[in-house]
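J.: Start counting the sequence shown at 1; every next residue gets the next number (full-length UniProt numbering).
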Amino acid sequence: MKANTDTVLIGSRVILVPYRSEHVPKYHEWMLDEELRSLTASEPLSLEEEYEMQEKWQLDEDKLTFIILSRQSKDGTTAELPEPPTKLLPTDDLIAGLPMVGDVNIFLHGVPPHLHQQKGSSAVSDVSASVGQQEESDEDDFHAEVEIMIAESSFRRKGLAIEALQLMLGYATGQPPALFSTVLPGSRSPATARSIQDSRLKIPPECLITRISDTNFPSIRLFEKLGFEITKRVEVFQEVEMRFKLRL
Numbered sequence: 001m002k003a004n005t006d007t008v009l010i011g012s013r014v015i016l017v018p019y020r021s022e023h024v025p026k027y028h029e030w031m032l033d034e035e036l037r038s039l040t041a042s043e044p045l046s047l048e049e050e051y052e053m054q055e056k057w058q059l060d061e062d063k064l065t066f067i068i069l070s071r072q073s074k075d076g077t078t079a080e081l082p083e084p085p086t087k088l089l090p091t092d093d094l095i096a097g098l099p100m101v102g103d104v105n106i107f108l109h110g111v112p113p114h115l116h117q118q119k120g121s122s123a124v125s126d127v128s129a130s131v132g133q134q135e136e137s138d139e140d141d142f143h144a145e146v147e148i149m150i151a152e153s154s155f156r157r158k159g160l161a162i163e164a165l166q167l168m169l170g171y172a173t174g175q176p177p178a179l180f181s182t183v184l185p186g187s188r189s190p191a192t193a194r195s196i197q198d199s200r201l202k203i204p205p206e207c208l209i210t211r212i213s214d215t216n217f218p219s220i221r222l223f224e225k226l227g228f229e230i231t232k233r234v235e236v237f238q239e240v241e242m243r244f245k246l247r248l
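#1: List the endpoints of the continuous alpha helix (DSSP H) containing Ser38.
#2: What residue does the beta strand (DSSP E) around Val146 start on, and which one ends it?
#3: Report the rounded CA-to-CA distance for Thr40 versus Thr77, giving the unit in angstroms.
#4: Pull up the CB-CB distance for Arg243 and Ile203, whole angstroms please, since I reckon it's below 8 Å.
#5: Consult DSSP for Pro82 and reduce its assignment to one of helix, strand or coil.
#6: In this structure, what does DSSP give as the bridge partners for Arg233?
#7: Looking at C-beta atoms only, is the number of pairs between the region 33 to 48 and the region 81 to 94 that lie closer than 8 Å three or more?
#8: Give the range of the beta strand (DSSP E) segment to which Pro177 is assigned.
#9: Name the residue from Asn105, Lys158, Ser154 whose alpha carbon lies nearest to the alpha carbon of Glu147.
#10: What does a CB cutoff of less than 7 Å around Glu239 pick up in its chain, not counting 5 residues either side in sequence?
#11: On the DSSP bridge assignment, give the partners of Gly102 in chain order.
#12: In the DSSP assignment, the alpha helix (DSSP H) including Arg221 goes from what residue to what residue?
#13: In angstroms with no decimal places, state the Cα-to-Cα distance between Met1 and Ile220.
#14: What does the alpha-carbon distance come out to for the pair Leu179 and Gly170?
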């Protein structure tokens, strides 16, 4: 998505950067793993096809993708970064050498409600070009599907996935990352240590959904910690659909 071309989101454990051409070889290596392809419902692609896909995703206005970098390397050292309001670019040397561990995505289905009033705007045109001509009923059914993958097994179960999701969801909705946490009010979620850049997407939080295999209990629990609840079971696909619920 063009909206996040120069965006870097910084947490205490992870840094999110846009999916760029230099990430393709590592991503292609991940997708050679049959288990990862199965978990992500991905088809095997050649390296050349992966480069073409990266270019397409960078321009598509219905796909928001970030690569997850770990601030901690395998030797245990943690990258020191400047404090806000200093902003980093994806090409900054301070993050160039950090380990690439996964990706986090949001796929837009329909036109976001806040764009309905912007008739003729470039934002509406971009989205409409990606998702096709939408009937009014389709617009009413707008939702944003969230996916995450920690591909590097040595970086799993370290709290990276939940922080990456908090940063991504905060950016996509324009809400504080702490909104996406079931911790008690006043507690500090791991993604609140640093501010994030404003996003022009402004996706309504209640439009966020995720679809997960009904036997993938760790992922179900992960999204429950973020405030998602199971709202539908799709037996034919053996999956559950979860939707974010605002807490009063």
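Every residue gets a Cβ at the ideal spot worked out from N, C-alpha and C, and that includes glycine.
Please read these numbers as outputs of a predicted model, since none were measured by experiment.
T.: Quick look at the numbers:
#1: By 1-based counting over the sequence shown, the position of residue 38 is 38. Note, Ser38: alpha helix (DSSP H), 34 to 40.
#2: Your numbering for residue 146 matches position 146 in the sequence shown. Per DSSP, Val146 belongs to the beta strand (DSSP E) from 143 to 150.
#3: The sequence position of residue 40 within the sequence shown is 40, counting from 1. The sequence position of residue 77 within the sequence shown is 77, counting from 1. Cα-Cα distance, rounded: 30 Å.
#4: In the sequence shown, the residue the question calls residue 243 occupies position 243. In the sequence shown, the residue the question calls residue 203 occupies position 203. Rounded, the Cβ-Cβ distance is 13 Å, inconsistent with contact.
#5: Stepping through the sequence shown from its first residue, residue 82 is reached at position 82. Here Pro82 sits in coil by DSSP.
#6: The residue given as residue 233 occupies position 233 in the sequence shown. DSSP output for Arg233 lists Val240 as bridge partner(s).
#7: no
#8: Here residue 177 is taken as the residue at index 177 of the sequence shown, counted from 1. Pro177 -> no beta strand (DSSP E), and no H or E assigned at all.
#9: Translated into positions along the sequence shown, residue 147 becomes position 147. Answer by Cα proximity: Asn105.
#10: As a working note, residue 239 is residue 239 in the sequence shown. Arg211, Ile212, Ser213, Asp214.
#11: On the sequence shown, residue 102 is found 102 positions in, with the first residue counted as 1. Paired residue(s): Ile68, Ile150.
#12: Looking up residue 221 in the sequence shown gives position 221. Segment 217 to 225, the alpha helix (DSSP H) holding Arg221.
#13: On the sequence shown, residue 1 is found 1 positions in, with the first residue counted as 1. On the sequence shown, residue 220 is found 220 positions in, with the first residue counted as 1. For Met1 and Ile220, the distance between alpha carbons rounds to 27 Å.
#14: For the purposes of this step, residue 179 is taken as the residue at position 179 of the sequence shown. For the purposes of this step, residue 170 is taken as the residue at position 170 of the sequence shown. In a straight line, the C-alpha of Leu179 is about 8 Å away from that of Gly170.
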